[in-house]
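Have a look at the structure below before the remarks.
Numbering (the numbering used here), first residue to last: 9 to 104.
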């Protein structure tokens with residue numbers, strides 16, 4: 009099943025985000041859950057990172073919750089708010 013993870017940063021999190029970025033990328037690459045697509049959310053200026061969005065493929069929501077709990081961004085206190093929801097993918101135009 010697919011899951012969307014929507015994360016909003018603390019207002020003062022940019023430096024923690026930058027310091028932990030490589031560890032976060034390595035953690036995603038080693039995932040028990042598969043990252044389908046992911047990237048930072050940005051403010052209206054199109055550059056300032058304010059959060060993260062992921063689509064994961066996993067066996068259960070619990071797998072995604074546990075994976076997120078150990079993400080270096082979570083451990084470093086980058087994210088203020090995290091929402092995890094099941095997602096029924098109906099259309100996927102990435103191969104076009």
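We put the beta carbon where it would ideally sit given N, CA and C, even for glycine.
Buried or exposed: where does residue 25 fall if 16 or more other Cβ atoms within 10 Å of its Cβ makes it buried?
Residue numbering aside, residue 25 sits at position 17 when the chain shown is read from its first letter. The residue in question, residue 25, is buried, as its Cβ has 16 or more Cβ neighbours within 10 Å.
Looking at residue 64 and residue 27, is the spacing between their C-beta atoms short of 7 Å?
In the chain shown, the residue the question calls residue 27 occupies position 19. In the chain shown, the residue the question calls residue 64 occupies position 56. No, the Cβ-Cβ distance between residue 27 and residue 64 is not below 7 Å.
Just checking my contact of residue 78 with residue 90 at CB under 8 Å: how many whole Å lie between their CB atoms?
Counting from one through the chain shown, the residue named residue 78 turns up at place 70. Counting from one through the chain shown, the residue named residue 90 turns up at place 82. Actually they are not in contact, since the Cβ atoms of residue 78 and residue 90 sit about 13 Å apart, beyond 8 Å.
Opposite residue 94 in the DSSP bridges: which residues?
On the chain shown, position 86 is the one that residue 94 refers to. DSSP output for residue 94 lists 11 as bridge partner(s).
Secondary structure at residue 65, three-state DSSP: helix, strand or coil?
On the chain shown, residue 65 is found 57 positions in, with the first residue counted as 1. Looking at residue 65 - three-state DSSP - the assignment turns out to be strand.
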